[in-house]
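The next block holds one structure in the form of structure tokens; read it before the comments.
There are 2 protein chains.
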Amino acid sequence: MDEEISTRDRIINTATRLFQLQGYHATGLNQILKESNAPKGSLYYYFPKGKEELALECINLTEVLVEKTIREKLVKIDDPVESIRNFIEEIIGNTNLEKNEKLSLNSIKIVSVNLIALETSSTNETLRKACQSAFNTWRNVYTEKLLEGGFNKEKAETLGMVIESMVEGAIVLSLTTKSDTPLLKIAEQIPFILDQ
Amino acid sequence: MDEEISTRDRIINTATRLFQLQGYHATGLNQILKESNAPKGSLYYYFPKGKEELALECINLTEVLVEKTIREKLVKIDDPVESIRNFIEEIIGNTNLEKNEKLSLNSIKIVSVNLIALETSSTNETLRKACQSAFNTWRNVYTEKLLEGGFNKEKAETLGMVIESMVEGAIVLSLTTKSDTPLLKIAEQIPFILDQ
DNA sequence: GTCTATAGTACGATAGAC
DNA sequence: GTCTATCGTACTATAGAC
Chain E
1 MDEEISTRDR
11 IINTATRLFQ
21 LQGYHATGLN
31 QILKESNAPK
41 GSLYYYFPKG
51 KEELALECIN
61 LTEVLVEKTI
71 REKLVKIDDP
81 VESIRNFIEE
91 IIGNTNLEKN
101 EKLSLNSIKI
111 VSVNLIALET
121 SSTNETLRKA
131 CQSAFNTWRN
141 VYTEKLLEGG
151 FNKEKAETLG
161 MVIESMVEGA
171 IVLSLTTKSD
181 TPLLKIAEQI
191 PFILDQ
Chain A
1001 MDEEISTRDR
1011 IINTATRLFQ
1021 LQGYHATGLN
1031 QILKESNAPK
1041 GSLYYYFPKG
1051 KEELALECIN
1061 LTEVLVEKTI
1071 REKLVKIDDP
1081 VESIRNFIEE
1091 IIGNTNLEKN
1101 EKLSLNSIKI
1111 VSVNLIALET
1121 SSTNETLRKA
1131 CQSAFNTWRN
1141 VYTEKLLEGG
1151 FNKEKAETLG
1161 MVIESMVEGA
1171 IVLSLTTKSD
1181 TPLLKIAEQI
1191 PFILDQ
């Protein structure tokens, strides 16, 4: 049996990458199809409702994938404070920051659904709710880790949301400034923030 | 003399609102012109280089306006911790959250340039740099307030970036979840985060 | 300075052959 | 299931009358 990636998966992978990088509205179906070497007929065969249905699938898959990634990272270290600090540092890739700053920030491993969330928060309820679900799922992973670490329920929930906010915000700043600094700075502050 | 708002200002005000709400790519010039009751000729008379030049002006004006707003809020309370906490709470409007949750989050006063920043971070250097400048300016206001409050230089700079990240991230989460909670939670945590 | 008409291109979506 | 041709619409931008 061939282990080739199916047309459907190639479309989804390409679309996910482009939506995260350029946004929902800036990414045309033609670009997705060209870069995934698929014909337009296939896209509408797999996603009869078109672009929105495709984006919904991309967001849902990202939700699961990122949740899995966070869990894997957090389980490596028992202490919640240290594990979360370490995870944020690992959001940044390890092989970047050569002499030229140009390439530095193509290395964010978790690009989140931040951009699609903002693009659709006031115009598309279906996609907005999908992004909301993703944010909630990720926040809950932090909260669970804090609960395991002995934080009480209220503190764990509040700090889970604080961490999720900080991470999302720092990703925005890091991408905008093309610098790792924002993510590194919030990682550095995690021990103080969680020292309660 | 008439105190009418000029055509140019009407275009800018409408464009700013729509860019922040829907994004750069989802907002068409036709929509801007229709909602600001201006003809297409005027837009290209005032902004010969078109959409990008218009967006650049919107971002630059937002940078100045938001900086002014933050400064005004922070100056009201001497203690930096309390003033920043209070400011974040005031990002949320005061007259929202009626019975129905539907309207709750149209009341964010500072919508930032978060969305445009992400949309253009990898595709448009001109607009990306404008957003970068805005983020830096706002971060610096927090840093200055912390310096005045007696924090040392390094701490003030780090915490300025942490606050800016948190605020941007919480705005994303609040808009996406249509809930004030993320902003309220980070405001609540400010005293602990700055207690160093 | 103000306005309209329109060029030229890309978009999302559909139809229908194979 | 795969692929192409094409529809209708919206976009940015320009030309040119007034």
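Those protein sequence lines, which keep their order, are chains E and A.
The first sequence begins at 1 in the numbering used here and counts up by one.
The second sequence begins at 1001 in the numbering used here and counts up by one.
Where is the CB? At the ideal position from N, CA and C, for every residue including glycine.
query: Which listed residue (A:K1178, A:K1049, A:E1154, A:E1125) has its alpha carbon closest to that of R128 (chain E); result: A:K1178
query: Rounded separation between E1004 (chain A) and I12 (chain E) - CA only; result: 51 Å
query: Contact list for the stretch 172–185 of chain E against chain A, Cβ threshold 7 Å; result: V172, L173, L175, T176, T177, P182, K185
query: Buried/exposed call for P48 (chain E), threshold 16 Cβ in 10 Å; result: exposed
query: C-alpha gap between N124 (chain E) and L43 (chain E), whole angstroms; result: 21 Å
query: Contact check, S1122 (chain A) vs L183 (chain E), beta carbons under 8 Å; result: no
query: Interface flag, A15 (chain E) vs chain A, CB-CB below 8 Å; result: no
query: Residue span of the alpha helix (DSSP H) that contains A26 (chain E), given as start and end; result: Here A26 (chain E) belongs to no alpha helix (DSSP H), and DSSP marks it neither H nor E.
query: Residues that I190 (chain E) bridges to, as DSSP identifies them; result: Looking at the DSSP assignment, I190 (chain E) forms no beta bridge with any residue, so it has no partner.
query: CB contact check: F135 (chain E) to chain A, cutoff 8 Å; result: yes
query: Neighbour list for R128 (chain E) in chain A, Cβ cutoff strictly below 7 Å; result: T1176
query: Any chain E beta carbon closer than 8 Å to F1192 (chain A); result: yes
query: Beta-carbon neighbours of T1007 (chain A), restricted to chain E and to distances below 7 Å; result: What T1007 (chain A) touches in chain E: nothing, since even the nearest Cβ is about 26 Å away.
query: Closer than 8 Å at the beta carbon, the chain A residues around N114 (chain E); result: L1118, V1172
query: Expected contact under 8 Å - CB spacing of D79 (chain E) and G149 (chain E) to nearest Å; result: 7 Å
query: Neighbouring residues, chain A, relative to L21 (chain E) (Cβ below 7 Å); result: S1122
query: Which listed residue (E:I77, E:N37, E:V111) has its alpha carbon closest to that of G228 (chain E); result: In the structure displayed, chain E extends from 1 to 196; residue 228 (chain E) sits before or after that span and is not available.
query: Cut-off 8 Å between Cβ atoms - residues of its own chain near K109 (chain E), not counting five sequence neighbours on either side; result: T69, E90, I91, I92, G93
query: Enclosing alpha helix (DSSP H) for D9 (chain E) [first to last residue]; result: 7–22
query: Which of helix, strand or coil DSSP assigns to I1092 (chain A); result: strand
query: Per DSSP, the bridge partner or partners of I1077 (chain A); result: BP columns for I1077 (chain A) are empty, so no partner.
query: Test: E144 (chain E) CB closer than 8 Å to a CB of chain A; result: no
query: Residue environment, N152 (chain E), which counts as buried when at least 16 other CB atoms sit within 10 Å; result: exposed
query: is_contact[Q1031 (chain A), chain E] using C-beta, thresh 8 Å; result: no
query: With 16 other Cβ atoms within 10 Å as the buried cut-off, status of G208 (chain E); result: Not covered by the structure: residue 208 (chain E). The range shown for chain E is 1 to 196.
query: Contact check, P1191 (chain A) vs R1085 (chain A), beta carbons under 8 Å; result: yes
query: Beta-carbon separation (whole angstroms), I1193 (chain A) vs I1088 (chain A), contact threshold 8 Å; result: With a Cβ gap of about 11 Å, I1193 (chain A) and I1088 (chain A) do not count as contacting.
query: CA-to-CA distance, A55 (chain E) to W138 (chain E), given in whole angstroms; result: 19 Å
query: Residue-level contact to chain A via CB, T95 (chain E), 8 Å cutoff; result: Residue confidence is low: T95 (chain E) scores 49 on pLDDT, short of 50, so the model does not pin down where it sits. Its coordinate-derived value is still stated next. No, no contact with chain A.
query: Reference L1173 (chain A), options E:A156, E:R10, E:S36, E:N114, closest by Cα; result: E:N114
query: Closer than 7 Å at the beta carbon, the chain A residues around S165 (chain E); result: M1166, G1169, A1170, L1173, P1182, I1186
query: Close Cβ partners of V1081 (chain A) (< 7 Å) along its chain, the five nearest in sequence each way excluded; result: I1190, P1191, L1194
query: 3 or more residues per run - each beta strand (DSSP E) lying fully within the stretch 132–174 of chain E; result: none
query: Spatial distance of L74 (chain E) from I171 (chain E) (CA atoms); result: 19 Å
query: Alpha carbon of R10 (chain E) to alpha carbon of E157 (chain E), nearest angstrom; result: 37 Å
query: Minimum Cβ-Cβ distance from C1058 (chain A) to chain E less than 8 Å; result: no
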